[in-house]
Amino acid sequence: MTAKVTLSFTDETIEEARRFAKREGLSLSAWMDQAAREKALREVFTAHAAAVGRASLDLESAALADAREVGMVNDLFSDGRPRAA
Numbered sequence: 001m002t003a004k005v006t007l008s009f010t011d012e013t014i015e016e017a018r019r020f021a022k023r024e025g026l027s028l029s030a031w032m033d034q035a036a037r038e039k040a041l042r043e044v045f046t047a048h049a050a051a052v053g054r055a056s057l058d059l060e061s062a063a064l065a066d067a068r069e070v071g072m073v074n075d076l077f078s079d080g081r082p083r084a085a
């Protein structure tokens, strides 16, 4: 479904949007729709990343910290040499 709305933009914004739309072979409306969708998705992903960070669920950082800790323990027990199996 498509809704028709009236929006106001600066002359500069419209000029740039028209140029990008033309370059991508899209109508101005299609380009603006795509730009708005991309902005909305960035907002959702940014909010999600912030929530994950607040919940201390930064799994990549935790995994890297774990790997460093395992390395330090291995070094401690093997004096930096590989342990015998």
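Just so we're aligned: 34 in full-length UniProt numbering is position 34 of the sequence shown, and the numbers increase by one with no gaps anywhere.
Quick reminder that beta carbons are idealized off the backbone N, C-alpha and C, glycines included.
Taking the alpha carbon of residue i as the point to measure from, which residue in the options has its own alpha carbon closest?
i: Asp-11; options: Glu-38, Lys-4 and Arg-19; result: Arg-19
i: Leu-7; options: Thr-46, Glu-24, Ala-49 and Asp-33; result: Asp-33
i: Ala-30; options: Ser-61, Gly-71, Ala-3 and Val-70; result: Ala-3
Three-state secondary structure (DSSP) at residue i?
i: Ala-62; result: helix
i: Met-1; result: coil
i: Ala-67; result: helix
i: Thr-13; result: helix
i: Gly-25; result: coil
i: Ala-55; result: coil
i: Leu-76; result: helix
Which same chain residues, not among the five before or five after residue i, have their C-beta less than 7 angstroms away from its C-beta?
i: Ala-85; result: Because the pLDDT at Ala-85 is just 49, under 50, the model does not fix this residue reliably, and the value given afterwards should be weighed accordingly. Same-chain partners within the cutoff: there are none.
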